[in-house]
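Here's the structure we're looking at; comments come further down.
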Amino acid sequence: MAWSDNWMPDAKPRPATRCGPSFNPSLRVCDLIDPKAQGWNIPKIQTLISHDDIPLIKSPRLPRAPLPDGYCWAPTKSGTYTVQSGYVLAMEMESDRSPTPPPHSKVWSIKTSSKIKHFIWNVLSNSVLVCSRLTYRYCGTDRHCPRCGADNETVNHLLFECPPSVQVWALAHIPHSPGLFPSDSIFSNLNHLLWRAKGLGIPSSILDNVPWILWFIWKARNDKLFNGNDTPPLDIVQIAISEACNWRLAQILQNFPKEEEALPSTIAQPLEDALFGGGLVLMDEDGVTNVGSFSSNRSLTPYMPSFILCCRP
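This note's numbering applies: residue 14 is where the sequence shown begins, and numbers increase by one.
As structure tokens, then:
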């Protein structure tokens, strides 16, 4: 059918576009072909179809002999399916369905510690070793969440959907926005918290603690899994805020007093290395004075060993 089937050879196959409000819903593509001339009926096409579509209609050559209707693979010029073209199309469809993730490079500009930056980068890369990822890598078969028992522990479930995590975000005064946060996409959630929430009026004093909250949710999950300890959501928030404050205090550069300038040395410095030498005066507890000297030619005096011993710590 001319108005419903994807027969137009566009970048993405589609039906033809009508040029007026009135049209024949049963119009077929073969009705646009002149059987005597064995080509397109251009005058008829011009009255029914948009002028922008006419060059596309005229681009493929019509066969001389009638052929049954069939299908062709649009992503290739030959119209034949290949595994490579199918993979490329699948990746394009997946990227269209998924929200655009925030650039990974932005992670390194977040004001937090290096280990938390690396953790957030792993979250965006879907590399955090939750149960579903371990199962995907054939490291075990249990996908259940160790905290709430959900069937599939994903990275997004761990940080935003698990009931203890939901309580943590509520106690941290992060507003719940239906359809915006939390969502079923880890990229959307992180994009909202780390880069967009400030523009929605959420105070910076709250958002600055988000990296530490993410980190301590992960630590609480591991403490439950490996040690059997249940960390209350309120404790997670308090520890995260405390660590965030300590880190920010550590970044403040203190104005230390300037060191006093050293007194000018009264030691005479030789003009040439060949003239370098030294002298010493030693007085023992009995008041006996011993005098010695040394020079660059290593002609040591008898008192030189005593001088060296005195200079040792």
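All residues carry an ideal CB built from backbone N, CA and C; glycine is no exception.
Just so we're clear, the structure is a prediction, and the values are computed from it rather than from any experiment.
Two segments are said to touch when three or more pairs of C-beta atoms, one from each, lie closer than 8 Å; by this definition the segment 51-58 does not touch the segment 88-97. Between the beta-carbon of A263 and that of I249 there is about 21 Å, and that puts the pair past the 8 Å contact cut.
DSSP places F229 within a helical segment (H, G or I) once states are collapsed to three.
Judged by DSSP in its simplified three-state form, R27 adopts strand. Here the alpha carbon of D297 sits roughly 20 Å from the alpha carbon of G291. Exclusion of the five residues before and after K237 leaves P159, R160, D243, T244 as the residues of its chain whose Cβ lies within less than 8 Å of its Cβ. For the pair D18 and L69, the CB atoms are not nearer than the 9 Å cut-off. The segment 124-134 makes contact with the segment 217-234, as at least three CB pairs between them are under 8 Å. Take the alpha-carbon of C152 and the one of F239: they are about 16 Å apart. Here I215 carries a coil assignment [DSSP, helix/strand/coil]. I62 is positioned such that its CB atom lies closer than 9 Å to that of A15. Taking the CA atoms as reference points, D66 sits about 40 Å from N204.
Runs of the alpha helix (DSSP H) spanning 4 or more residues and lying entirely within the segment 113-192 occur at 127-137, 144-149, 176-184, in chain order. Assigned with DSSP and collapsed to three states, M296 falls in strand. In the displayed model, G99 falls within a helix according to three-state DSSP.
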